[in-house]
Amino acid sequence: KNEVEQSPQNLTAQEGEFITINCSYSVGISALHWLQQHPGGGIVSLFMLSSGKKKHGRLIATINIQEKHSSLHITASHPRDSAVYICALTPKASGSRLTFGEGTQLTVNP
Amino acid sequence: DVKVTQSSRYLVKRTGEKVFLECVQDMDHENMFWYRQDPGLGLRLIYFSYDVKMKEKGDIPEGYSVSREKKERFSLILESASTNQTSMYLCASATSGAYTGELFFGEGSRLTVL
Chain A
-16 KNEVEQSPQN LTAQEGEFIT INCSYSVGIS ALHWLQQHPG GGIVSLFMLS SGKKKHGRLI
44 ATINIQEKHS SLHITASHPR DSAVYICALT PKASGSRLTF GEGTQLTVNP
Chain B
140 DVKVTQSSRY LVKRTGEKVF LECVQDMDHE NMFWYRQDPG LGLRLIYFSY DVKMKEKGDI
200 PEGYSVSREK KERFSLILES ASTNQTSMYL CASATSGAYT GELFFGEGSR LTVL
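So the protein lines, in turn, are chains A and B. Numbering-wise (the numbering used here), the first sequence opens with residue -16 and increments by one. Numbering-wise (the numbering used here), the second sequence opens with residue 140 and increments by one.
Spelled out as structure tokens, the structure:
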């Protein structure tokens, strides 16, 4: 079993829909990252969380340390949100190493 | 804005050639990373460096070496490129501390080895 599991693997939505991407993990962590990768390859860090909830514009990230689960929500989705969203975590025993989920491909249709 | 710059977006090399991929960051970050990304396998760590001249093997170091002579520059070297090293290579940097801080990635270098 992978240390990080993302769901769903692929998600297609209509513009304006509320979107949730989930990340479950099996190890104790120091921090969890949500990343966005657009076609062409560049990756942007959206959030880094160690507890609670963070909001940036239409994006909200939550984490439940006890349940080992994090969610990324996109409100009022737009075609420009189409990208791969990747969950990455720093296991407590790993120092600076990160463990990555395989990503969720999101497509938002107009 | 933090910037991580990778020297080449696209490279085509021949089997057996020596390949250098350069990465420069401008935020005085201690940690720098080289990953490769392949369909279905996600991001895999090749090497990382937590200080000048300090390096640590990642999950897939075979066939690669790295150099960090200056804090801002982290180079990935393929001593003798092979076709199975055709991939997207991503450099990242971050502050260090109890855990890796916010990550900043370069645009990626897509390498094709013929």
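The beta-carbon is built from N, C-alpha and C at its ideal position, and this holds for glycine as well.
Legend entry - Minimum C-alpha distance to residue 153/B - residue among 227/B, 223/B, 209/B, 243/B: It is 223/B whose Cα lies nearest to the Cα of residue 153/B.
Inset, instruction - Output yes or no for whether 9 Å exceeds the beta carbon distance between residue 214/B and residue 172/B. - result: No; because the gap between Cβ atoms is not below 9 Å, this pair is not in contact.
Inset, instruction - Using a cut-off of 9 Å between C-beta atoms, extract the partners of residue 213/B located in chain A. - result: Going along chain A, no residue has its Cβ under 9 Å from residue 213/B, so there is no contact; the nearest lies around 13 Å.
Inset, instruction - Could you tell me whether the segment 21 to 32 of chain A touches the segment -16 to -8 of chain A, where touching means 3 or more Cβ pairs closer than 8 Å? - result: The answer is no - the segment -16 to -8 of chain A does not touch the segment 21 to 32 of chain A, with fewer than three Cβ pairs under 8 Å.
Legend entry - Continuous beta strand (DSSP E) stretch holding residue 227/B: start and end: Taken as a continuous stretch (DSSP letters only), the beta strand (DSSP E) holding residue 227/B covers 226 to 233.
Inset, instruction - Tell whether a beta-carbon distance below 9 Å holds between residue 65/A and residue 87/A. - result: Against a cut-off of 9 Å, the Cβ pair of residue 87/A and residue 65/A comes out as no contact.
Legend entry - residue 75/A, DSSP secondary structure in three states: Here residue 75/A carries a helix assignment [DSSP, helix/strand/coil].
Inset, instruction - Please compile the residues from chain A whose C-beta is within a distance smaller than 7 Å of the C-beta of residue 247/B. - result: Those within 7 Å of residue 247/B in chain A are 24, 25.
Inset, instruction - Measure the alpha-carbon distance for residue 208/B versus residue 216/B and round it to whole angstroms. - result: Roughly 14 Å between the two C-alpha positions.
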